[in-house]
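To start, the structure under review is shown below, and the notes come after it.
There are 2 protein chains.
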Amino acid sequence: MKYKKSRSRDLIRDMLDHTVDHPTAHELFDRMRPDFPRLSLATVYRNLGILVEQGAIARVELKGNPERYESRMEPHYHLICENCGAVRDVPVSVDDELDTRVEAATDCRVTRHEIQFFGLCESCS
Amino acid sequence: MKYKKSRSRDLIRDMLDHTVDHPTAHELFDRMRPDFPRLSLATVYRNLGILVEQGAIARVELKGNPERYESRMEPHYHLICENCGAVRDVPVSVDDELDTRVEAATDCRVTRHEIQFFGLCESCS
DNA sequence: GTTCATGCAAATCGTTTGCACAATG
DNA sequence: CATTGTGCAAACGATTTGCATGAAC
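Going line by line, the protein sequences match chains A and B. The opening residue of the first sequence carries number 1 in the numbering used here; numbering runs sequentially from there. The opening residue of the second sequence carries number 126 in the numbering used here; numbering runs sequentially from there.
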C-alpha cells in the first residue's frame with residue numbers, strides 16, 4: 001500500500017469538497033488550525049501534493065496568486081476578480097474545438113487549454 | 126522626468142523586440158552578460174518592472190515557469206510545449222465574444238481573458 | 001546638484017526537504 | 001516491524017529591497 005490513512009489529508013480533501021472558493025495552502029492551514037493545533041504548514045503542502053498526484057484534487061495556477069486548489073476535476077474555466085482577488089468557476093462549457101483550431105493553424109499538437117477571465121465578481125461589480 | 130536613459134534597459138527592450146521566444150529575467154540576464162560583465166540580476170528585474178509599468182512590454186505568467194516577458198502587446202494566446210517547455214504565440218485571433226458569454230452566464234463584469242494551450246511544439250511533435 | 005540607475009548583499013515569499021519521532025497497517 | 005505521516009527547522013528558487021555609489025540631466 002502506497003498511502004496510509006491520515007486525518008489531516010482527509011480533512012483537506014473534505015474542506016475542498018465543501019467549498020466553492022479556491023483556497024491556497026496557507027488558507028487551508030489557517031482553516032484547519034482550530035482542529036489541528038500542532039499542524040504544520042509543511043504537512044499541508046505535502047498532503048496537497050499527494051492528493052494532486054492521486055488525481056483527487058487539482059492545483060490551479062493563477063496570475064500573481066500563490067497556488068490554489070480545488071476538488072472539481074472536470075475541465076472548466078476560472079474568473080479572477082481584479083478587485084478582491086476572488087476566484088470562481090465559470091459556468092460556460094469547455095470548447096475543445098479551440099484546440100483543433102490551434103492545431104490547424106500551427107505545426108503543434110494541442111492536447112488541452114486553460115482560460116482565465118478577468119473582471120469583477122458579483123460582490124465587486 | 127520620471128525615467129532617465131539606461132543602456133541596460135534599452136538593451137532589454139531591444140532583445141525582446143528581436144526574439145520570438147519568451148525569455149525569463151534570468152535568461153535575459155545570461156544573454157546580456159557578455160556585453161555587460163558587471164550587470165546585476167536585480168537590475169534586470171528592476172528594468173523589466175519599469176518597462177512593464179511603461180506599457181512597453183508584458184509579463185507572461187505561465188504554469189510552473191518563472192515569469193516570462195514579451196514585447197508583443199496586442200492580445201494573443203500562448204502555447205506551452207509540455208515536452209521542452211518552449212512558449213510560443215498562437216496565430217489564432219482573440220475572441221472577445223467569450224467575455225460577453227461569461228458575463229451573460231454570471232453576475233460578473235468580464236474585461237478580458239487569457240488562454241494557454243498545452244501540447245507539443247513543432248520541434249517536439 | 002537633484003534625481004534616477006546600478007551593484008551587491010540581505011530580505012522576502014511561497015514552497016520543498018532532511019531528519020528524528022509518531023502513527024498506521 | 002516496515003512503511004508512511006508529521007513537526008520543526010533549514011534549504012530553496014524566484015523576486016524584491018536597502019543602501020551606498022555612479023550616471024543622467
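Note that CB positions come from ideal geometry on N, CA and C, so glycine has one too.
Residue contact check for H238(B) against chain A: a CB pair falls below 8 Å. Remark: C-beta atoms of E178(B) and Q116(A) do not approach each other more closely than 8 Å.
Residue pairing of V212(B) in beta bridges, as defined by DSSP: I205(B). Of all residues in the stretch 91-117 of chain A, those with a C-beta nearer than 7 Å to a C-beta of chain B are P91, V92, D99, R101, V102, A105, T106, D107, C108, R109, V110, T111, R112, H113, E114, I115, Q116, F117, reading in chain order.
Close to chain B, meaning a Cβ-Cβ distance shorter than 9 Å, are the following residues of the stretch 53-68 of chain A: E61, L62, K63, G64. A direct Cα-to-Cα measurement between V217(B) and C246(B) gives close to 15 Å.
Spanning the alpha carbons of T111(A) and L204(B) requires a straight line of approximately 10 Å.
Approximately 33 Å separates the beta-carbon atoms of E67(A) and A104(A); this is outside 8 Å, ruling out the contact. Under the Cβ criterion of 8 Å, C84(A) is not counted among the residues facing chain B.
With a cut-off of 8 Å on Cβ pairs, the stretch 141-158 of chain B is in contact with the stretch 207-215 of chain B, counting three or more such pairs.
Taken atom to atom, the span from the alpha-carbon of P159(B) to that of D139(B) is near 15 Å.
Checking the DSSP bridge columns, you'll see E70(A) partnered with A58(A). For G119(A), the chain B residues whose C-beta falls within less than 7 Å of its own C-beta are C233, R234, V235, T236, listed in chain order.
In terms of beta-carbon proximity, L176(B) stays away from the interface with chain A, with every pair separated by 8 Å or more.
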